[in-house]
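Each remark here refers to the structure printed beneath this line.
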Amino acid sequence: MKRFLTILAVLVAYSCAFAQQQGPMYFDGASSFSGVFMGMEASQENPCDTVVFELKSTTTGDITMPAITFNTMKLTIPSFTIHGATFDFDYTTLSATFHAEQAIDETIVVDDAEKKISGTLHEAAYNHEERSFSLKLTYTYGKMPGSITYVFKGAYIKPDGIESITAGQAESTTFNLFGQRVTDNAHGIVIRNGRKIIR
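Note that the working numbering gives residue 35 to position 35 of the sequence shown, counting from 1, and the numbers run on in steps of one.
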């Protein structure tokens, strides 16, 4: 029983550390959106949108949607964030599968006026191995007389602005699962030279 509790504590600590270290993750990819407004059907494909996913805990995260513009209708819906979307976190693959059919109820301010955004997050998933994020949702914006269905799949964007990296000889250091430097003879699960060691 003691061993089980130790393993459980390590998994919880690891997943919390993972969630805290991630920060916002940006994904670029193709999207499509469609809707019926005042009897007129509109749809559009976008070659590249950016969606932001940020872990808040091992069970919740925020998804920031891009602003979308229906070119034919000259209608723009501003960017907004879905706060506290819930998911199941897979500790083995470090991936997240969002719970299906979650309600969306957000408020944004546009030109000093509050606008409601409501709808349903039908599905969403973060795949750590592929470094991809996908989602499908339907929502209404303000007093818009119809709903929008938005579908997206994108790949992780690596941070840019780094011109070059020069690596020197790495010193041999030991860290715990929280990224803190520990002594070379520390007990438990440690990381030394990029490898996990159980002592």
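Every residue, glycine too, gets a C-beta built ideally from N, C-alpha and C.
Check	Outcome
Three-way DSSP call (helix, strand, coil) for alanine 67 in this model	coil
Contacts around lysine 136, its chain only, beta-carbon distance under 6 Å, and the 5 residues preceding and following it disregarded	His122, Glu123 and Val151
DSSP three-state assignment for methionine 144, whether helix, strand or coil	coil
Short CB-CB distance (under 8 Å) between phenylalanine 33 and chain D	Checking the listed chains, one finds no chain D in this structure; it contains a single protein chain.
Cβ pair count under 8 Å reaching 3, the stretch 68-80 against the stretch 38-57	yes
Histidine 99, DSSP secondary structure in three states	coil
Cutoff 7 Å; reference tyrosine 126; Cβ partners in own chain excluding five residues on either side	Phe53, Ser95, Ala96 and Phe133
CA-to-CA distance, threonine 92 to lysine 116, given in whole angstroms	38 Å
Outcome for glycine 23 when other beta-carbon atoms lying within 10 angstroms are tallied against a minimum of 16	exposed
Extent of the continuous beta strand (DSSP E) run through alanine 124	113-127
Cross-strand partners of asparagine 46 (DSSP beta bridge)	Ser31
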